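K.L.:
Sending over a structure as structure tokens; questions will come in a sec.
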Amino acid sequence: VTSSQHETIQEFDSGLFLSDLDSALKLSVLSSRNVSLVVNASGLEDSVSYPELEGLQVLHVPVQDQPHAPLSQYFDLVAEGIHQNRTGSTLVHCTAGRSRSPALVLAYLMRFEGLNLRRAHELVLEQRPFIRPNAGFWRQLMDYERSLFGCSSVRMSRTSGGVLPEALQESDDAAAAYSDFYTLISHN
């Protein structure tokens with residue numbers, strides 16, 4: 010999916026935005042949405058230069074989009090940062106806005122909005138239908154949900170496309186796209 014085929018920034022909760030890297034670097038995007046906190050999960054913290062915007066703070070999440078990457082060690086830090094920034098807006102981004110940044114938004118929605126993982130995923134997917142957190146991030150989100158609520162609303166299942174979260178298995182198209190995408194990146 011190319012950025013010309015879909016919107017590149019979505020709002021999920023009043024003042025909580027999710028985007029790709031290109032959108033996060035545009036002054037017009039940040040200023041028109043009153044963004045005062047950017048969560049950069051692109052893994053490119055040293056080479057990213059944000060526009061000059063008074064009061065803009067940046068929280069870096071130096072994690073690559075790999076199933077073994079320890080994204081969960083940032084769930085609480087990011088969720089608390091978003092929650093404490095409620096007087097302004099927060100923009101969470103990674104490179105494409107498909108895996109790391111949606112996973113961080115899901116963690117926030119569970120922790121501070123009280124949504125279970127399945128409902129949080131449905132909510133984000135409604136606005137941004139091309140999100141695909143990798144299987145390792147799904148497992149970390151499921152563990153986080155168990156730590157918050159004592160159980161998980163999603164489970165991993167073996168399919169013809171590999172091990173996928175059942176939240177993606179409800180749509181054959183979504184499961185196929187997820188499987189194709191992760192087969193492609195795992196061979197690069």
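Position 46, counted from 1, in the sequence shown is what my numbering calls 55; the numbers after and before it change by one each time, with no gaps.
A virtual CB, placed ideally from N, CA and C, is assigned to each residue, including glycine.
Just so we're clear, the structure is a prediction, and the values are computed from it rather than from any experiment.
1. Quick check on PRO111: does DSSP put it in helix, strand or coil?
2. If we ignore side chains and look at the alpha-carbon of each, how far apart do ALA78 and PHE146 end up?
3. What does DSSP give as the partner residues of GLN66 in its beta bridges?
4. Does DSSP classify GLU54 as helix, strand or coil?
5. Assuming GLN19 is part of the beta strand (DSSP E), what are its boundary residues?
6. Let me know the secondary structure DSSP gives SER28 once reduced to three states.
7. Using only CA atoms, which one of VAL114, HIS130, SER45 lies nearest to GLN95?
8. Tell me the residue span of the beta strand (DSSP E) that contains VAL72.
9. For a minimum of 3 consecutive residues, which ranges assigned as the beta strand (DSSP E) are wholly contained in the stretch 76 to 148?
10. Going by DSSP, what residues sit across from GLY171 in a beta bridge?
11. If contact is defined by three or more beta carbon pairs under 8 Å, each pair taking one atom from either stretch, is the stretch 34 to 45 in contact with the stretch 147 to 160?
12. Spatial neighbours of SER13 within its chain, please: CB distance less than 6 Å, with the 5 preceding and 5 following residues excluded, ordered by chain position.
13. Could you check where the alpha helix (DSSP H) with VAL163 kicks off and where it finishes?
14. Within the continuous alpha helix (DSSP H) that includes LEU36, where are the two ends?
15. Give the DSSP-derived three-state secondary structure of GLU154 in the structure shown.
16. Are the CB atoms of ALA50 and ARG109 nearer to each other than 9 Å?
17. Sorted by chain position, which residues of the same chain lie with C-beta nearer than 6 Å to THR17's C-beta, five sequence neighbours on each side aside?
P.N.:
With the given structure in hand:
1. helix
2. 8 Å
3. LEU46
4. coil
5. Judged by DSSP secondary structure, GLN19 falls within the beta strand (DSSP E) whose first and last residues are 18 to 22.
6. strand
7. The question names Gln, but residue 95 is Arg in the sequence shown. Among VAL114, HIS130, SER45, the Cα nearest to that of ARG95 belongs to SER45.
8. Careful: VAL72 lies outside any beta strand (DSSP E) and carries neither H nor E.
9. 98 to 102
10. Answer is THR168, bridged to GLY171.
11. no
12. Only weak support is given to the placement of SER13: the predicted model assigns it a pLDDT of 37, under 50, and the value that follows is read from those uncertain coordinates. Result list for SER13: empty, nothing under 6 Å.
13. That residue, VAL163, is in no alpha helix (DSSP H); it is neither H nor E in DSSP.
14. Per DSSP, LEU36 belongs to the alpha helix (DSSP H) from 36 to 41.
15. GLU154: helix per DSSP, three-state reduction.
16. The beta carbons of ALA50 and ARG109 sit closer together than 9 Å.
17. So the qualifying residues of the chain are SER28, ASP29, SER32.
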